Structure formats: structure tokens, C-alpha cells
Amino acid sequence: SVFAGGKRIRPILCLEAARIFDPKSQAALRAGCALEFIHTYSLIHDDLPALDNDDLRRGKPTCHKKFGEATAILAGDALLTLAFATLAEAQVEPARRVAVIREVAAAAGTVDGMVGGQVADLEAEGKDIAPEMLEYIHRSKTAALIRASVVAGALCGGAAEADVAQLGRFGGNIGWAFQVVDDILDVEESSAALGKTAGKDQAQRKATYPALYGLEKSHQMATELATRAIKELEPYGERARRLGELAEFLV
2 SVFAGGKRIR PILCLEAARI FDPKSQAALR AGCALEFIHT YSLIHDDLPA LDNDDLRRGK
62 PTCHKKFGEA TAILAGDALL TLAFATLAEA QVEPARRVAV IREVAAAAGT VDGMVGGQVA
122 DLEAEGKDIA PEMLEYIHRS KTAALIRASV VAGALCGGAA EADVAQLGRF GGNIGWAFQV
182 VDDILDVEES SAALGKTAGK DQAQRKATYP ALYGLEKSHQ MATELATRAI KELEPYGERA
242 RRLGELAEFL V
């Protein structure tokens, strides 16, 4: 599942955030691998019949379709565990290593992270929800790990506390924008283009931005979030150019 394709957005964000402060950070490479392990674990589990029940991921049969549900569950468990083993071996100051592990763990497993967001997403299916709840779902299930990817990179690169916070704001906003765009693509693109089943959100009556605001407003909101994110990069100039380009690419 790790090598089945994918854009590697989270590792790239991690590496580029580290590059601002230390272009040769090896710790950021380990952190990036760990983040991709966590992302892949989340996809394997999300595709299971008990959650999103999908047959297609990254243009290929989902893990449980190819290997069975039991193997898919265990594969996800293994990747999550491997991620933290990988982070624990990052060659960076102990305090920074602990901070990276804490950030990633919070983004993956807390009520304000992927797990909490996924629970809220499931509970919101078929219901009319408030905009505040939709924001919580998207910030938790998607934006939290993207933010953690940027923060982890900054920490691995030796960034000061203020810089970590500023890049965290960039990561939070671009992660939020990314999920809004993902909602839009589920409506506008084909399964072949997406590499996963298109139209699933509407079929399952998921809480999405197009469902609540319509496509035009959703496009506008994604652009505004990306603009807000890119503004956080201004103090870093050319060193953050690639992060800015990635933000533009995502929307």
C-alpha cells in the first residue's frame, strides 16, 4: 500500500519546511517517511467496509479487496507502529524528537486529530450539520496531519519556537484548503482521474463543503485558505518558495 502510488504531499511538506532552516536535515527525511506511513495506514483503514467501504485507492484495488479485511487491519496497525519507531530514531536533539512525536501523535490519534475527525465524519453522514462542525471535521481528519507534517519538518530543521508556530499556521490553513478541494474533486472529477471512487461523498451523504456551500463558494473558500497560508511564508522569502508553489498546486 505504501508503494502503490500517491502524491507524497505530507513528506514533501515536511522536507520543505525543514529546508528553510537546514537544507540537509536527515531527521526530516525520517519524519517524512513516518508521516507517509501514518497517512497510508489511515487510507487502508478508511477504505474498510466498516468505514468508507471503498474498492479503489490510488487507481488500484484497496488493501482489503486484494488481501482481505484481516490483513488490511493488521497492515494499518503495523504502519502506524512503524511510524513511531521511525520517528524515535530521528537524529535530532532529544527535546525536538519528543516534540515531533508529540505533534504527530496528537494529529493522528486525539479528538482533534484524524481519529476524532473520522468519528465526527461518520456521525455526520446523512445529517444537516452546522458550518462549525464541518470545519471541525475537516481540520481534524485531514488538516491536523498536514499541519503536523510542516511542524515536524520545522522542528527537525532547528526552527525557533516562533517559526514553528508560524509554519504551523501555514500547515493548518493549507491542510484545510486541501480537504475542501478534495470535496470539490469528488464532485467534479472521474474515478479514473481521482484514483478512487468518485461521487462517494454524495452517495453516502457525507458532510462536505460543496454539500453545504455549493461548488462556487467552495472554490472561493479553498482559494482564500491557500492565500492565507501563503502569506505566512512571506518572512522566509526564497527559502519557502517551494512550499508556496506546493500550496498553489494543491488548490
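Going letter by letter, the sequence shown gives residues 2 to 252 in the working numbering. For glycine and all other residues, C-beta sits at the position ideal for the given N, C-alpha and C. Just so we're clear, the structure is a prediction, and the values are computed from it rather than from any experiment.
Ordered along the chain, which non-local residues of its own chain (more than five positions away) have a Cβ less than 6 Å from that of residue i?
{"i": "ALA35", "result": "ALA84, THR87 and LEU88"}
{"i": "VAL188", "result": "PRO211"}
{"i": "VAL3", "result": "THR41"}
{"i": "ALA5", "result": "ARG59 and LYS61"}
Quick test of your reading: residue i and residue j, contact by CB under 8 Å. State the CB separation rounded to the nearest angstrom.
{"i": "ALA18", "j": "ALA155", "result": "5 Å"}
{"i": "VAL151", "j": "CYS64", "result": "Their Cβ separation, rounded to whole angstroms, is 27 Å, which puts VAL151 and CYS64 out of contact at 8 Å."}
Just list the residues that DSSP pairs residue i with in beta bridges.
{"i": "ALA61", "result": "For clarity, residue 61 is Lys in the given sequence; the question names Ala instead. According to DSSP, which records beta bridges pairwise, LYS61 is partnered with ARG58."}
Just how far apart, CA to CA, sit residue i and residue j?
{"i": "THR41", "j": "ALA108", "result": "14 Å"}
{"i": "LEU234", "j": "GLU249", "result": "13 Å"}
{"i": "LEU146", "j": "ALA230", "result": "15 Å"}
{"i": "ARG98", "j": "ALA149", "result": "13 Å"}
{"i": "CYS157", "j": "SER26", "result": "7 Å"}
{"i": "ILE45", "j": "GLU37", "result": "12 Å"}
{"i": "GLY33", "j": "GLN203", "result": "32 Å"}
{"i": "LYS218", "j": "ALA178", "result": "13 Å"}
{"i": "PRO12", "j": "ARG243", "result": "13 Å"}
Leaving out five residues on either side along the sequence, give the residues of the same chain with a beta carbon under 8 Å from the beta carbon of residue i.
{"i": "PRO50", "result": "HIS65 and GLU70"}
{"i": "ALA278", "result": "Because the chain here runs from 2 to 252, residue 278 falls outside it and cannot be looked at."}
{"i": "LEU52", "result": "HIS46, GLN119 and LEU123"}
Among residues of its own chain, excluding the 5 on either side of residue i, which ones have a beta-carbon nearer than 7 Å to its beta-carbon?
{"i": "LEU213", "result": "PRO132 and LEU135"}
{"i": "LYS142", "result": "MET115, GLY118, GLN119 and ASP122"}
{"i": "ASN174", "result": "LEU226, ARG229 and ALA230"}
Is any heavy atom of the ligand FAD found at a distance shorter than 7 Å from the C-beta of residue i?
{"i": "VAL182", "result": "No copy of the ligand FAD occurs in the structure displayed, which carries no ligand at all."}
| field | Whole runs of the alpha helix (DSSP H) within the region 193-243, excluding any shorter than 4 residues | value | 201-204, 210-214 and 216-232
| Runs of alpha helix (DSSP H) lying entirely within the region 36-116, each at least 4 residues, in chain order | 64-68, 70-89 and 95-110
| Ranges of the alpha helix (DSSP H) found wholly within the region 106-181, counting only runs of at least 4 | 115-125, 132-139 and 145-157
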